[in-house]
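Step one of this worksheet: look at the structure below.
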Amino acid sequence: MRTENDCERLIVNGGEPLVGSVIVHGAKNAVLPMLAASVLTDEPVTVTDCPDITDVTDMAGVLSALGCRVEREGRNITVCGCCRSSEIPLALAKAIRSSVFMLGPLVSRTGEARMHAPGGCRIGARPLDIHLGGLAALGAEVSFDGDCVVCRADKLRGADIVLRYPSVGATENLVMAAVCAQGTTRIIGAAREPEIVSLVNLLRKMGAAVRGEGTPLITVEGVSGLQGAVCAPVPDRIAAGTVMAAVAVCGGRVELSGANADHLGAVISPFLGAHTFLVEHSGVLIFESDGMLSPTDIVTGPYPLFPTDMQAPFMACQCYASGMCSMRETVFEDRFAHITELRKMGAEIAVAGCTAYIDGSKGMHGAEVAASDLRGGAGLTVAALGAKGESVISGLRYIDRGYERIEELFSSLGGRVRRVRRDR
Ligand code: UD1
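Counting the sequence shown from 1 gives a position; the working numbering is that position plus 9.
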């Protein structure tokens, strides 16, 4: 399906230092499951500080299609009204992978959830076995009708569920399925991301009994029903990290207000060196760099390790480092699509299995490049901000999924970035 932003390009003229301040809003990856949780009650649930990005709009579309009333007022999204349908429409399931979060809450609330194979960024096979195995353990009958997953249960029952990998989405799905199940659920080997803590904060305000979020063991005591609530998501650590990556490449000084340094540990440490400086002052993170980057070796992993979502933005930094760097991707098996595009900008990158070796000493120049996934697109934007000359970036539909008007974000800091429309 062709969308409005398929006709748009970012024009980036690199080489300007980035100076100024940025407000870090709620994390996409927290807002999406929090919105999904709203179907667990008929009462209004408000998620505050939501980013204005297409993934959030699409999630609101999923909820509307299920029969919920969705109202947006500024950055607050309120969802109310019970679901009249248990089927996530094909087009929306294809548009947004996070529709998979709806399986747990929907089956819990309506006794049935039907969903076509979900879409999202093409960064690996992205199977659903951990989600579906966990729902089956809670008593759901899982079947397939063509490419549609169907989950049915008159009443979910608490169980011990051991996750073979700490999947973020499966942990969220199963917590949401378990909050109104009969009895106790223990999710063993749960993911620990701050966005899961955000979701549990909301569920607790709605009356759920959950403990252990942020640790590998989450325990949920099922309750008979939930009520409405208002809750804020955690700030977007990946958006904050992307701005830091751009400042590290271009040099400059940026004040990130609203960012939570505690969530950024693994992201911040590779930036720190003789040429960068970071302080936290009254809730504002001040990040300063002279644009000189030391070589680094990074391995991505589940939180609290280096986030896979920062892999591409940070690889853009490694293209400017003063020597050989490496980046090993362990979370998704096919998340290197940006490398072909970075090479068009002059990057010297060799790939062996899931490790990229980047020779940062070669210098980068502007080029015509295409984003083919969200974070890869952010990485290309960071690389273009540091490159000599003009870059033209297409594939903005991916970048717009997770960054709010990325051109305004960077031009407000002095970067020369604009969005132009190209004839169809
Ligand atoms: C979430 C984030 C995404 C981030 C990812 C890892 C949201 C909306 N998205 O995605 O930005 O990159 O966490 O931090 O929060 N897997 C299976 N079977 C499953 C589920 C997952 O094999 O049933 C695999 C995946 O293919 C992947 C790994 O587990 O290789 C991690 O995936 P997961 O943590 O589930 O990522 P998402 O929740 O999809």
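Quick reminder that beta carbons are idealized off the backbone N, C-alpha and C, glycines included.
In this structure, the beta-carbon distance from phenylalanine 419 to leucine 112 does not fall below 8 Å.
Between valine 56 and serine 266, the CB-CB gap reaches or exceeds 8 Å. According to DSSP, residue pairing for valine 109 in a beta bridge does not occur. Note: aspartate 154 is bridge-paired with Cys157 in the DSSP secondary-structure output. The beta carbon of glutamate 181 sits closer than 7 Å to the beta carbons of Pro42, Phe110, Ile205 and Leu208 from its chain, once the five residues preceding and following it are set aside; these are given in chain order.
Nearest in C-alpha terms to isoleucine 277, of all of Pro203, Asp154, Phe296 and Cys363, is Phe296. For histidine 125, the enclosing beta strand (DSSP E) starts and ends at 121-125. DSSP places aspartate 64 in the helix class (H, G or I) of the three-state scheme.
For aspartate 306, the three-state secondary structure derived from DSSP is strand. Beta-bridge pairing by DSSP links alanine 365 to Met336 and Val360. Take leucine 75, set aside five residues on each side of it, and the residues of its chain with a beta-carbon closer than 6 Å to its own are Cys92 and Ser94, in chain order. Phenylalanine 153 counts as exposed, since fewer than 16 other beta carbons sit within 10 angstroms of its beta carbon. Looking at the DSSP output, isoleucine 196 sits in a beta bridge with Ile170 and Ile227. By the Cβ-count criterion, arginine 344 is buried, with 16 or more other Cβ atoms from all chains shown falling within 10 Å of its own Cβ. Arginine 337 places its beta carbon 8 Å or farther from that of threonine 305. In terms of Cα proximity to lysine 164, the closest of Gly178, Gly192 and Val308 is Gly192.
Burial is judged here by how many other beta carbons sit within 10 angstroms of a residue's own beta carbon; serine 47 has at least 16 and is buried. Distance between isoleucine 105 and leucine 212, taken at the CA atoms: about 22 Å.
Per DSSP, threonine 57 is not a residue of any beta strand (DSSP E), being assigned neither H nor E. With respect to the C-alpha of serine 108, the residue from Ser421, Asn38 and Glu52 having the closest C-alpha is Asn38. One Cα belongs to methionine 319, the other to serine 233, and the distance between them is close to 40 Å. Contact check for valine 177 against alanine 200 passes: the beta carbons are separated by less than 8 Å. Relative to the ligand UD1, glutamate 204 has its C-beta within less than 7 Å of a heavy atom.
Closer than 7 Å to some heavy atom of the ligand UD1: that describes the Cβ of alanine 179. The beta carbon of lysine 397 is closer than 8 Å to those of Gly23, Gly24, Gly372, Met373, His374 and Gly375 in its chain, skipping five residues each way along the sequence. Not one heavy atom of the ligand UD1 is found less than 7 Å from the C-beta of proline 53.
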